[in-house]
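Working notes for the structure below.
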Amino acid sequence: MKKIIVILLIIYSVSLSAKKNPYPKINNINEHKAGDFITAQGKSKNKYYKEYPKKIETTYGTIVVKENRSKPDSRFITLPVKKLHSLSENPKEPIFLLYGGPGSSNLREAPFLWLLEEHDIVMVGYRGVDGSVSLQSHEIPEALASEGSPLGQENIKRLTEASLRAYDRYKSEGIDIDAYNMIEVIDDFEDARKALGYNKINLWGFSYGTRVSYLFGLRYPESINRTLIEGVNPPGHFVWEPADIDNLYAYLGEQWKKYPECLAKSPDIVKTIENVLASLTRKYKKITINPDKVKMMLFMMAYTRTGIVQTFDAFVAAEQGDYSGIAFLSMAFDQLPNMPGMYWGDNFAKAFSADFDPNRDYIKDMDPEGSLIGSPMSKLFSIGTFGGWPIKSIPEEYKKMQTSNVPTLMISGSIDISTPPQYSTELLQYLPNGQQIVLIDRGHQDTGALQKDAYHKLVLSFFSNGSVDSDFTDVPIDFTPPKQTFQKMGNLFYKLDRMRLTGLVMKMMQ
Numbered sequence: 011m012k013k014i015i016v017i018l019l020i021i022y023s024v025s026l027s028a029k030k031n032p033y034p035k036i037n038n039i040n041e042h043k044a045g046d047f048i049t050a051q052g053k054s055k056n057k058y059y060k061e062y063p064k065k066i067e068t069t070y071g072t073i074v075v076k077e078n079r080s081k082p083d084s085r086f087i088t089l090p091v092k093k094l095h096s097l098s099e100n101p102k103e104p105i106f107l108l109y110g111g112p113g114s115s116n117l118r119e120a121p122f123l124w125l126l127e128e129h130d131i132v133m134v135g136y137r138g139v140d141g142s143v144s145l146q147s148h149e150i151p152e153a154l155a156s157e158g159s160p161l162g163q164e165n166i167k168r169l170t171e172a173s174l175r176a177y178d179r180y181k182s183e184g185i186d187i188d189a190y191n192m193i194e195v196i197d198d199f200e201d202a203r204k205a206l207g208y209n210k211i212n213l214w215g216f217s218y219g220t221r222v223s224y225l226f227g228l229r230y231p232e233s234i235n236r237t238l239i240e241g242v243n244p245p246g247h248f249v250w251e252p253a254d255i256d257n258l259y260a261y262l263g264e265q266w267k268k269y270p271e272c273l274a275k276s277p278d279i280v281k282t283i284e285n286v287l288a289s290l291t292r293k294y295k296k297i298t299i300n301p302d303k304v305k306m307m308l309f310m311m312a313y314t315r316t317g318i319v320q321t322f323d324a325f326v327a328a329e330q331g332d333y334s335g336i337a338f339l340s341m342a343f344d345q346l347p348n349m350p351g352m353y354w355g356d357n358f359a360k361a362f363s364a365d366f367d368p369n370r371d372y373i374k375d376m377d378p379e380g381s382l383i384g385s386p387m388s389k390l391f392s393i394g395t396f397g398g399w400p401i402k403s404i405p406e407e408y409k410k411m412q413t414s415n416v417p418t419l420m421i422s423g424s425i426d427i428s429t430p431p432q433y434s435t436e437l438l439q440y441l442p443n444g445q446q447i448v449l450i451d452r453g454h455q456d457t458g459a460l461q462k463d464a465y466h467k468l469v470l471s472f473f474s475n476g477s478v479d480s481d482f483t484d485v486p487i488d489f490t491p492p493k494q495t496f497q498k499m500g501n502l503f504y505k506l507d508r509m510r511l512t513g514l515v516m517k518m519m520q
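Here the numbering used here is used: the first residue of the sequence shown is 11, the next is one more, and so on.
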């Protein structure tokens, strides 16, 4: 144990070593105008793709944009732009990546290098996270780290007050919060396209990035060649609905019953979860188990097949008296508020401005009677109901689905708890040139993780010529517990917690 901890500490200290910022610095922004773009040449390190060069030719750029384009006297801000150069002498249209969030970075070191065979790869930093303005918040995570119910009504009131303090602080720093929305993000990308000299571009969006990609197609259809969106989140769906979550667990429960070895552990896994939650012990050794935190982690851990299997295994063990896995879930939630790379102010600004509905009772609606876990994370939207974060919505035309003629391929996993496949089915009606693929028993983060060759073939063929060509086969979920169970992690975290090292390890796991 001591050797493991020493190794972890060494690795963490190395990860904290200062890295030179490769993006050109603009010293006096007032001497520039919107659209100014300065660049520097460098290399990106390839750590994962042995068949490609260890160092990839890269252009690092900094672009000047208006903070609020609707205000003539708005100040300027800067955003980083990264271009990985194609290996082809005559590359096809570049691929602009749009990662998930909101509240997370859109920059990576050297992703998807297999795309470089025919395309440049471009990443434009998300305003509020990657650029000169940071919507980082200490107020919101401090309020989330509650000993009681983190998203119960009393703590929602504390979160409301915390969000107002963060909002007021941003204002005092001269930040125009109303400008941190998806429409401005889209215009940032359009400005970057022009600055890089591209005629048409491809978009590849993930989760939150799918919403931005779709709206991009409504706003600047002439700029886009093709759009691929994965984990599709069309307008109106930042709020996770309890019925969708219950339907997923009902499906997983039926799949569980197909395997005799599963039935030997529990004749009804959903009932097992209900029973454990209803009779949950409040202590494991000296660790306090918070039922509401466990429910929230039931949602978060279902982003992957592995997480689902680990969770089910932990509840089976708990029904038999071993609560170590459940304790791990409760402890894991405690690390979420201070998750590295999460910009809560950016999350609130972009999510609330897009999907907040003042006519909904988010506390009541997200916890309906008879629901397995409700939709605990969506209760965050009740902050707006209680008069918290002041919300200026984006234009109504971007809050609803509209027809887009952009050639679009949508990829969904059939057990995606965050963006269920019915979302893409709903959007397909508005895409005359749209196509949909649903991969059986894949979660929100699984679509590209299994059958990688088929996945690469699908993506490359679509961006190359618009065809949907893949060799995917169905891979039903396997409920065999992995070697790394939540029970083992719970016991490890108990030891780390006693040594006050839990937070350090969670940071390293991000």
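Virtual Cβ for every residue (Gly too), placed ideally from N, Cα, C.
- Bounds of the alpha helix (DSSP H) holding W266 are 252-266.
- About 4 Å separates the CB atoms of L94 and I131; that is less than 8 Å, so the two are in contact.
- Counting only runs of 4+ residues, the alpha helix (DSSP H) found wholly inside the segment 370-405 occupies 372-375, 392-395, in chain order.
- Straight across, the Cα-Cα distance linking R229 with Q51 is about 31 Å.
- Following the DSSP letters along the chain, one finds W124 in no alpha helix (DSSP H), marked with neither H nor E.
- Counting along the chain, the unbroken alpha helix (DSSP H) around N475 starts and ends at 462-475.
- Counting other Cβ atoms within 10 Å of its Cβ, R203 reaches 16 or more and is therefore classed as buried.
- By the 16-neighbour rule on beta-carbons within 10 angstroms, R221 is buried.
- Nearest Cα to T429 within the set T418, Q445, Q455: Q455.
- A153 places its beta carbon 7 Å or farther from that of N78.
- If you look at M341, you'll find it in the alpha helix (DSSP H) that goes 334-345.
- Where T435 is concerned, the enclosing alpha helix (DSSP H) starts and stops at 431-438.
- In the three-state reduction of the DSSP assignment, F358 falls in the helix class, which pools H, G and I.
- When N348, N475, F309, M509 are compared, the shortest CA-CA separation from L339 is found for F309.
- Runs of the alpha helix (DSSP H) lying entirely within the segment 135-169 and spanning at least 4 residues, in chain order: 149-154.
- Annotation for S223: L108, L213, G215, T237, I239 place their beta carbon closer than 6 Å to its own, counting only its chain and skipping 5 residues before and after.
- When the beta-carbon positions are compared, G227 and V416 come within less than 7 Å of each other.
- The segment 85-100 makes contact with the segment 35-42: 3 or more CB pairs, one atom from each, lie closer than 8 Å.
- N257 has its alpha-carbon roughly 21 Å from the corresponding atom of A324.
- Proximity to I211 across T314, P101, L123, F489 peaks at P101, based on C-alpha coordinates.
- A direct Cα-to-Cα measurement between S96 and Y261 gives close to 43 Å.
- Distance check between F343 and each of E157, L125, I421 places E157 closest, using alpha-carbon atoms only.
- Below 8 Å, too few C-beta pairs join the segment 296-309 and the segment 263-270 to call them touching: fewer than three.
- With respect to S403, S363 sits close: the two C-beta atoms are nearer than 7 Å.
- When DSSP reads this structure, Q51 sits in a beta bridge with T69.
- Shown here, R236 sits in a strand according to DSSP, grouped into three states.
- L449 and E436 have their C-alpha atoms some 17 Å from each other.
- Taking C-beta atoms as the reference points, G384 and P231 fail to come closer than 7 Å.
- Contact annotation: the segment 177-195 touches the segment 349-363, with at least three C-beta pairs closer than 8 Å.
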